[in-house]
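Okay, so the sequence shown: first residue is 151 according to the numbering used here, each after it adds one.
The next block holds one structure in the form of C-alpha coordinates; read it before the comments.
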Amino acid sequence: MKDNIDLGIAKNRLQSKELTLVIVKNKELIFETKKTGLIGFIEAIEMNGILLKNSSVADKVVGKAIAFLCVYSKVVSVYAEVVSVEAKKLLEKNKIMLKWSMIVKEILDTKKNTTCPFEMKAKNMDDPILFYFELKNSINIKNCKENLN
151 MKDNIDLGIA KNRLQSKELT LVIVKNKELI FETKKTGLIG FIEAIEMNGI LLKNSSVADK
211 VVGKAIAFLC VYSKVVSVYA EVVSVEAKKL LEKNKIMLKW SMIVKEILDT KKNTTCPFEM
271 KAKNMDDPIL FYFELKNSIN IKNCKENLN
(Lines of atoms letter the chains of each structure in order from A and count residues from 1; the text may use other names and numbers.)
(Lines give C-alpha, C1' and ligand atoms only; values in the text may rest on other atoms or scores of the structure.)
Protein backbone atom coordinates (compact mmCIF):
# COMPACT_ATOMS: atom_id res chain seq x y z
CA MET A 1 0.00 0.00 0.00
CA LYS A 2 2.84 2.40 0.89
CA ASP A 3 4.26 1.76 -2.60
CA ASN A 4 1.06 3.09 -4.15
CA ILE A 5 1.19 6.23 -2.00
CA ASP A 6 4.84 6.90 -2.89
CA LEU A 7 4.16 6.19 -6.56
CA GLY A 8 1.18 8.55 -6.51
CA ILE A 9 3.30 11.31 -4.96
CA ALA A 10 6.05 10.75 -7.55
CA LYS A 11 3.58 10.69 -10.46
CA ASN A 12 1.78 13.85 -9.32
CA ARG A 13 5.06 15.73 -8.87
CA LEU A 14 6.35 14.52 -12.27
CA GLN A 15 3.26 15.90 -13.98
CA SER A 16 2.64 19.06 -11.96
CA LYS A 17 6.26 20.29 -11.99
CA GLU A 18 6.97 19.20 -15.59
CA LEU A 19 9.88 17.04 -14.44
CA THR A 20 11.44 14.06 -16.23
CA LEU A 21 12.24 11.93 -13.16
CA VAL A 22 10.96 11.86 -9.58
CA ILE A 23 11.95 9.37 -6.87
CA VAL A 24 9.99 9.12 -3.60
CA LYS A 25 10.46 6.86 -0.56
CA ASN A 26 8.37 6.81 2.61
CA LYS A 27 6.42 9.84 1.35
CA GLU A 28 9.64 11.87 1.09
CA LEU A 29 11.18 13.26 -2.06
CA ILE A 30 14.56 11.60 -2.67
CA PHE A 31 15.40 13.03 -6.10
CA GLU A 32 13.91 14.99 -8.98
CA THR A 33 15.21 16.41 -12.24
CA LYS A 34 14.27 17.94 -15.57
CA LYS A 35 17.27 16.36 -17.31
CA THR A 36 16.38 14.06 -20.18
CA GLY A 37 17.77 10.64 -20.91
CA LEU A 38 19.62 8.41 -18.49
CA ILE A 39 21.83 11.09 -16.94
CA GLY A 40 19.24 12.04 -14.31
CA PHE A 41 18.84 8.46 -13.13
CA ILE A 42 22.62 7.94 -13.06
CA GLU A 43 22.89 11.10 -10.92
CA ALA A 44 20.18 9.78 -8.59
CA ILE A 45 22.12 6.55 -8.12
CA GLU A 46 25.41 8.40 -7.58
CA MET A 47 23.87 10.81 -5.05
CA ASN A 48 21.60 8.41 -3.15
CA GLY A 49 22.93 4.87 -3.61
CA ILE A 50 21.26 2.44 -1.21
CA LEU A 51 18.61 5.05 -0.30
CA LEU A 52 16.90 4.20 -3.60
CA LYS A 53 16.11 0.68 -2.35
CA ASN A 54 12.33 0.28 -1.90
CA SER A 55 11.64 3.67 -3.50
CA SER A 56 9.08 4.57 -6.16
CA VAL A 57 10.06 6.11 -9.49
CA ALA A 58 8.04 8.27 -11.88
CA ASP A 59 9.73 8.86 -15.23
CA LYS A 60 8.63 10.39 -18.52
CA VAL A 61 10.13 7.60 -20.65
CA VAL A 62 11.05 4.12 -19.44
CA GLY A 63 12.85 1.83 -21.84
CA LYS A 64 14.85 -1.27 -21.01
CA ALA A 65 17.86 0.89 -20.06
CA ILE A 66 15.92 2.76 -17.34
CA ALA A 67 14.26 -0.51 -16.30
CA PHE A 68 17.74 -1.98 -15.74
CA LEU A 69 18.61 1.01 -13.54
CA CYS A 70 15.38 0.47 -11.56
CA VAL A 71 16.25 -3.20 -11.03
CA TYR A 72 19.84 -2.29 -10.11
CA SER A 73 18.55 0.28 -7.58
CA LYS A 74 15.99 -2.16 -6.17
CA VAL A 75 13.03 0.18 -6.58
CA VAL A 76 9.60 -1.32 -5.84
CA SER A 77 7.35 0.59 -8.22
CA VAL A 78 7.53 2.60 -11.42
CA TYR A 79 5.18 4.98 -13.20
CA ALA A 80 6.01 5.79 -16.83
CA GLU A 81 4.34 8.27 -19.14
CA VAL A 82 5.74 6.05 -21.93
CA VAL A 83 7.08 2.53 -21.41
CA SER A 84 8.54 0.08 -23.91
CA VAL A 85 7.41 -3.53 -24.18
CA GLU A 86 10.91 -4.72 -23.22
CA ALA A 87 10.99 -2.47 -20.14
CA LYS A 88 7.59 -3.78 -19.07
CA LYS A 89 8.79 -7.38 -19.36
CA LEU A 90 11.98 -6.67 -17.39
CA LEU A 91 10.17 -4.84 -14.58
CA GLU A 92 7.50 -7.55 -14.32
CA LYS A 93 10.16 -10.29 -14.32
CA ASN A 94 11.79 -8.54 -11.35
CA LYS A 95 8.46 -8.07 -9.57
CA ILE A 96 8.53 -4.28 -9.78
CA MET A 97 5.03 -2.82 -9.89
CA LEU A 98 4.48 -0.83 -13.09
CA LYS A 99 1.86 1.71 -14.12
CA TRP A 100 1.96 3.59 -17.40
CA SER A 101 0.06 5.94 -19.69
CA MET A 102 1.31 4.62 -23.04
CA ILE A 103 3.16 1.48 -24.14
CA VAL A 104 5.34 1.46 -27.25
CA LYS A 105 7.35 -1.12 -29.17
CA GLU A 106 10.65 0.73 -28.71
CA ILE A 107 12.19 3.93 -27.39
CA LEU A 108 13.62 6.17 -30.09
CA ASP A 109 16.55 8.59 -30.01
CA THR A 110 15.96 12.31 -29.46
CA LYS A 111 15.53 12.91 -33.20
CA LYS A 112 12.96 10.08 -33.34
CA ASN A 113 14.81 8.50 -36.27
CA THR A 114 16.14 5.28 -34.83
CA THR A 115 16.27 3.24 -31.63
CA CYS A 116 17.84 5.05 -28.67
CA PRO A 117 21.53 4.08 -28.40
CA PHE A 118 21.12 3.18 -24.71
CA GLU A 119 18.24 0.88 -25.66
CA MET A 120 20.52 -0.75 -28.23
CA LYS A 121 23.13 -1.26 -25.49
CA ALA A 122 20.49 -2.75 -23.16
CA LYS A 123 18.88 -4.96 -25.82
CA ASN A 124 21.28 -7.89 -25.60
CA MET A 125 22.08 -7.65 -21.90
CA ASP A 126 20.43 -9.41 -18.99
CA ASP A 127 22.49 -8.33 -15.98
CA PRO A 128 21.47 -4.99 -14.41
CA ILE A 129 24.74 -4.67 -12.48
CA LEU A 130 26.88 -5.20 -15.57
CA PHE A 131 24.62 -2.84 -17.55
CA TYR A 132 24.97 -0.09 -14.93
CA PHE A 133 28.76 -0.27 -14.84
CA GLU A 134 29.10 -0.46 -18.64
CA LEU A 135 26.73 2.49 -18.99
CA LYS A 136 28.57 4.51 -16.36
CA ASN A 137 31.90 3.71 -18.02
CA SER A 138 30.66 4.78 -21.46
CA ILE A 139 29.29 8.05 -20.03
CA ASN A 140 32.62 8.72 -18.26
CA ILE A 141 34.54 8.07 -21.49
CA LYS A 142 32.23 10.42 -23.40
CA ASN A 143 32.66 13.14 -20.75
CA CYS A 144 36.45 12.77 -20.84
CA LYS A 145 36.49 13.14 -24.63
CA GLU A 146 34.29 16.25 -24.43
CA ASN A 147 36.57 17.78 -21.79
CA LEU A 148 39.63 17.18 -23.98
CA ASN A 149 38.13 19.10 -26.90
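We put the beta carbon where it would ideally sit given N, CA and C, even for glycine.
Keep in mind that this is a model prediction, so the values were computed, not measured.
Close CB contacts of tyrosine 222 within its chain, under the 8 Å cut and outside five residues either way in sequence, are with Ile195, Pro278, Ile279, Phe281, Tyr282 (chain order). Burial check for leucine 179: the Cβ neighbour count within 10 Å stays below 16, so the residue is exposed. Boundaries for leucine 188: no alpha helix (DSSP H) harbours it, and the DSSP string shows neither H nor E there.
In terms of Cβ geometry, cysteine 220 and valine 228 form a close pair [threshold 8 Å]. For leucine 202, there is no enclosing alpha helix (DSSP H), as DSSP marks it with neither H nor E. Around the beta-carbon of isoleucine 253, fewer than 16 other beta-carbon atoms lie within 10 Å, marking it exposed. Boundaries of the alpha helix (DSSP H) harbouring valine 235: 235 to 243, taken from the DSSP string. Residue pairing by DSSP places tyrosine 229 opposite Ala208, Lys249 in a beta bridge.
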